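Read through the structure below, which is laid out as structure tokens, and then see the notes.
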Ligand SMILES: Nc1ncnc2c1ncn2[C@@H]1O[C@H](COP(=O)(O)OP(=O)(O)O)[C@@H](O)[C@H]1O
Ligand SMILES: [Mg+2]
């Protein structure tokens, strides 16, 4: 079997809010290759942030398997989780205020994660300069976050996320608060960094338009991945995903228009699988 960089198998997350149980992830499956840039698209409440927080090591699934690189996220000690968060992942939040410290300048924000990991001062200075140039904001070094536009703040946030050179960047609706043009610039930057640094990037968003901008997009619905769109030579190819026990979700449109309810008949004819509505009910 192929080895993926990120592998989620049959992932469940159940939140208990007082008496109520909310199933945020419902047997979710996801495989991502090293060096890929993908988007996960879903409406509000579909489980996007839950998934991303699990991948970041901020939260844990109720059941299932999550592996990232050499880490098995369910088998780690507290110390390993801290190391994982610092070394393996950079996180970008939708809320620009959450990404940057308001009382630190742009360049100080970029330096902070390296200071925390105890890097040498000269290395930190050089790397911070390199990063601020990489995101195109060398002329905003000493600006405070509130002196930067939303798009500039997200660029600095990307530099902060990259500061310890993590192999994985997770972005939770990184363009959620930006206008169309600025969003496009941020997506272009993420694509550029993916190419230049070979960083694996997972972007979650409610905006289906993103499937024009990344090579692979996966739709998440009710806590489960169902459809994948791949951009090949600027043409979109859509696939249904099959999970580890062989289930696939037939789109509701097809179910409804064929009057399909609880069961179907399935035929395998010359390599084409046919599904037929059950007319004998
Ligand atoms: N800490 C929590 N406690 C209880 N329910 C939660 C919690 N976090 C998320 N949920 C619920 O889980 C579902 C998925 O949430 P979330 O992952 O934030 O969705 P998205 O990011 O796609 O909008 C929602 O129904 C949400 O209300
Ligand atoms: Mg969310």
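Residue numbers (the numbering used here): 31 to 311. All C-beta atoms, glycine included, are put in the ideal place defined by N, C-alpha and C. Please read all numbers here as calculations on a predicted model, not as lab measurements.
Query raised in the report: What is the rounded straight-line gap between the Cα of residue 234 and the Cα of residue 203?
Result: By one-based count along the chain shown, residue 234 stands at place 204. By one-based count along the chain shown, residue 203 stands at place 173. Their backbone Cα atoms lie some 5 Å apart in a straight line.
Query raised in the report: Since residue 39 sits in a beta bridge, which residues does DSSP pair it with?
Result: Locating residue 39 in the chain shown gives position 9, counting from the first residue. Beta-bridge pairing links residue 39 to 95.
Requested in this report: Spell out the partners DSSP gives residue 128 in its beta bridges.
Outcome: Locating residue 128 in the chain shown gives position 98, where the first residue counts as 1. DSSP lists no partner for residue 128.
Requested in this report: Report yes if the CB atom of residue 178 is closer than 9 Å to the CB atom of residue 186, and no otherwise.
Outcome: The sequence position of residue 178 within the chain shown is 148, counting from 1. The sequence position of residue 186 within the chain shown is 156, counting from 1. Yes; because the gap between Cβ atoms is below 9 Å, this pair is in contact.
**Report entry** Sequence-distant residues of its chain with Cβ nearer than 6 Å to residue 278 (five each side left out)
**Finding:** For this step, residue 278 is matched to residue 248 along the chain shown. These residues qualify, in order along the chain: 270, 272.
Report task. Reducing DSSP to helix, strand and coil, say where residue 260 ends up. Result -> The sequence position of residue 260 within the chain shown is 230, counting from 1. DSSP places residue 260 in strand when its eight states are reduced to three.
Query - Nearest neighbour of residue 56, chosen from 262, 254, 164, 114 [CA to CA] - result: Your numbering for residue 56 matches position 26 in the chain shown. It is 254 whose Cα lies nearest to the Cα of residue 56.
Report task. Quick one: using the 10 Å Cβ neighbour count with 16 as the cut-off for buried, is residue 293 buried or exposed? Result -> Numbered from 1 along the chain shown, position 263 holds the residue referred to as residue 293. With fewer than 16 other Cβ atoms within 10 Å, it is exposed.
Query raised in the report: How many Å lie between residue 132 and residue 230 at the Cα?
Result: Your numbering for residue 132 matches position 102 in the chain shown. Your numbering for residue 230 matches position 200 in the chain shown. The alpha-carbon atoms of residue 132 and residue 230 are separated by roughly 28 Å.
Requested in this report: Please name the residue in 66, 53, 97, 95 whose C-alpha comes closest to that of residue 78.
Outcome: For this step, residue 78 is matched to residue 48 along the chain shown. For the residues 66, 53, 97, 95, the minimum Cα distance to residue 78 belongs to 53.
Query raised in the report: Residues in its own chain within less than 6 Å of residue 36 by CB, not counting five upstream and five downstream?
Result: As a position in the chain shown, residue 36 is number 6, starting the count at 1. The residues are 62, 98.
Query raised in the report: Who pairs with residue 61 in a beta bridge, going by DSSP?
Result: In the chain shown, counting from the first residue as 1, residue 61 sits at position 31. The partner list for residue 61 (beta bridge, DSSP) reads 37.
Report task. For residue 124, verify whether its CB is less than 8 Å away from any heavy atom of ligand 2. Result -> By one-based count along the chain shown, residue 124 stands at place 94. Set against 8 Å, the gap from the CB of residue 124 to the closest heavy atom of ligand 2 is smaller.
Query - Any heavy atom of ligand 1 nearer than 6 Å to the CB - residues listed - result: Result (chain order): 45, 47, 52, 54, 72, 74, 75, 76, 77, 78, 79, 80.
Query - Inter-residue CB distance, residue 146 and residue 165 (contact presumed, cutoff 8 Å) - result: Here the question's residue 146 lines up with position 116 in the chain shown. Here the question's residue 165 lines up with position 135 in the chain shown. With 8 Å as the limit, residue 146 and residue 165 do not qualify as a contact, their Cβ atoms being about 20 Å apart.
Query raised in the report: Is residue 234 near ligand 2, going by C-beta to nearest heavy atom under 8 Å?
Result: Residue numbering aside, residue 234 sits at position 204 when the chain shown is read from its first letter. Checking every heavy atom of ligand 2 against the Cβ of residue 234, one is found closer than 8 Å.
**Report entry** Residue closest to residue 281, alpha-carbon to alpha-carbon, out of 258, 302, 274
**Finding:** The sequence position of residue 281 within the chain shown is 251, counting from 1. Comparing Cα positions, the closest option is 258.
**Report entry** Minimum C-alpha distance to residue 42 - residue among 190, 151, 94, 193
**Finding:** Here residue 42 refers to the residue found at position 12 of the chain shown. Measuring from the Cα of residue 42, the nearest candidate turns out to be 94.
Query - residue 129 vs residue 122 beta-carbon contact at 9 Å - result: Taking the chain shown and counting its residues from 1, one reaches residue 129 at position 99. Taking the chain shown and counting its residues from 1, one reaches residue 122 at position 92. Using a Cβ distance threshold of 9 Å, residue 129 and residue 122 count as a contacting pair.
Query raised in the report: Exposed or buried, what is residue 263 when buried is set at 16 or more other beta-carbons lying within 10 Å of its beta-carbon?
Result: Translated into positions along the chain shown, residue 263 becomes position 233. Exposed, by the Cβ-count rule.
**Report entry** When 310, 169, 299 are compared against residue 289, the one with the closest alpha-carbon
**Finding:** Against the chain shown, residue 289 aligns to sequence position 259. It is 310 whose Cα lies nearest to the Cα of residue 289.
**Report entry** Inside the segment 180-247 only - beta strand (DSSP E) runs reaching at least 3 residues
**Finding:** 198-202, 230-235
Query - Closer than 8 Å: residue 202 CB and nearest ligand 2 heavy atom - result: Start at 1 with the first residue of the chain shown, and residue 202 comes out as number 172. Residue 202 has its CB nearer than 8 Å to a heavy atom of ligand 2.
Query raised in the report: With C-beta atoms as the reference, is residue 134 less than 9 Å away from residue 174?
Result: Against the chain shown, residue 134 aligns to sequence position 104. Against the chain shown, residue 174 aligns to sequence position 144. Contact flag set, yes.
Query raised in the report: How many angstroms separate the CA atom of residue 238 from the CA atom of residue 69?
Result: Indexing the chain shown from 1 puts residue 238 at position 208. Indexing the chain shown from 1 puts residue 69 at position 39. Rounded to the nearest angstrom, the two C-alpha atoms are 9 Å apart.
Query raised in the report: Quick one: Cα of residue 101 to Cα of residue 201, how far?
Result: Mapped onto the chain shown, residue 101 falls at position 71. Mapped onto the chain shown, residue 201 falls at position 171. If I take the Cα positions, the gap works out to 20 Å.
**Report entry** Distance between beta carbons of residue 180 and residue 207, contact taken as under 8 Å
**Finding:** The count along the chain shown starts at 1 and reaches residue 207 at position 177. The count along the chain shown starts at 1 and reaches residue 180 at position 150. Yes, residue 207 and residue 180 are in contact; Cβ-Cβ is about 6 Å, under 8 Å.
Query raised in the report: Counting along the chain, where does the beta strand (DSSP E) carrying residue 86 start and finish?
Result: For this step, residue 86 is matched to residue 56 along the chain shown. Where residue 86 is concerned, there is no enclosing beta strand (DSSP E), given that its DSSP letter is neither H nor E.
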